[in-house]
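So the structure is just underneath, and the comments pick up after that.
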Amino acid sequence: APAPAPVTVVASLSSVGLYTGSVRSGGAGQLGADDNAYFAVNSTTSGTRVADWYGQIGGVANTLRSLKVTYRGKSSYSCSQSVYVYRWTTGTWTRFDSRSVGTSELEVNMSVTGTLADYVSRTSGDGEVAVRVRCTRDSGSYYTSGDLLKITYER
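Throughout, this note's numbering is defined as the position within the sequence shown, counted from one, plus 936.
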């Protein structure tokens, strides 16, 4: 019998967590659609200003054949934004995109490369994928606003 055709799945966050900074407004629910409802994070207020958070998406098949991340967001002042995906097998964050972001909403579309199963929390069956958004600025406090964070994968 032929192999089943790949099924494309679009999945949004089940939860968000904070590394650095503080939640200004919203939560995972604001990141499910490109609808100008934001999850906003205040930066730190001294030294290098950092706003750093992550989201987790559950129910991702470990046998996925492709993995793309889409993030739309902006910042109250320009900052250097990096987007990472967590590699569960090594316990490290892998950066797949880096750019400057400012007051206009910017969309990042990135394809995850390498052994895709490494980016799913379980070694078999369905697990979680974690995506991290980190913004830094030399001085001047700011806040970042995420409008959409989703993954698209084939299983």
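Each residue gets a CB set at the ideal place from its N, CA and C atoms; glycine is no exception.
Rounded straight-line distance, which links the Cα of residue j to that of residue i
i, j, result
"Val1056", "Arg985", "30 Å"
"Trp1029", "Pro940", "32 Å"
"Arg1068", "Pro938", "37 Å"
"Gly983", "Thr944", "43 Å"
"Leu1000", "Tyr1007", "20 Å"
"Tyr1024", "Ser1034", "Looking at the sequence itself, residue 1024 is Trp, so the reference to Tyr does not match. Computed Cα separation, rounded: 21 Å."
"Phe1032", "Leu1003", "12 Å"
"Lys1086", "Ser1075", "30 Å"
"Leu949", "Ile993", "5 Å"
"Ala964", "Asp1083", "10 Å"
"Thr1080", "Arg1058", "31 Å"
"Ser1077", "Ser1011", "11 Å"
"Cys1015", "Gly968", "23 Å"
"Val877", "Gln1017", "An answer regarding residue 877 cannot be provided, because it is not within the stretch 937 to 1091 covered by the chain."
"Asp1054", "Ser979", "30 Å"
"Val996", "Cys1071", "26 Å"
"Val1019", "Thr981", "22 Å"
"Asp970", "Gly1063", "25 Å"
"Gly962", "Leu954", "13 Å"
"Gln975", "Thr1049", "Sequence check: residue 975 is Phe here, not Gln. Roughly 27 Å between the two C-alpha positions."
Check whether residue i and residue j have beta carbons under 8 Å apart
i, j, result
"Ser1060", "Asn998", "yes"
"Ala987", "Thr1026", "no"
"Ala1066", "Tyr1022", "yes"
Cut-off 6 Å between Cβ atoms - residues of its own chain near residue i, not counting five sequence neighbours on either side
i, result
"Ala973", "Gln966"
"Leu1052", "Leu1000, Leu1003"
"Pro942", "Arg1001, Glu1090"
"Arg1073", "Arg985, Cys1015"
"Ser951", "Ala964, Gln992"
"Glu1043", "Arg1008"
"Tyr990", "Gly953, Ala1066, Arg1068"
"Asn1045", "Thr1006"
Neighbourhood of residue i by C-beta, 7 Å cutoff - its chain only, sequence neighbours within 5 removed
i, result
"Val959", "Val977"
"Ser1092", "This structure cannot speak to residue 1092, because the chain is shown only from 937 to 1091."
"Ala947", "Ile993, Gly995, Val996, Lys1086, Ile1087"
Contact with chain B by residue i, beta-carbon distance below 8 Å
i, result
"Ala947", "In the displayed structure, chain B is absent; only one protein chain is listed."
> At which residue ranges does the region 1014-1059 contain complete beta strand (DSSP E) runs of 3 or more residues, listed in the order of the chain?
Replying inline: 1015-1023, 1028-1037, 1042-1047
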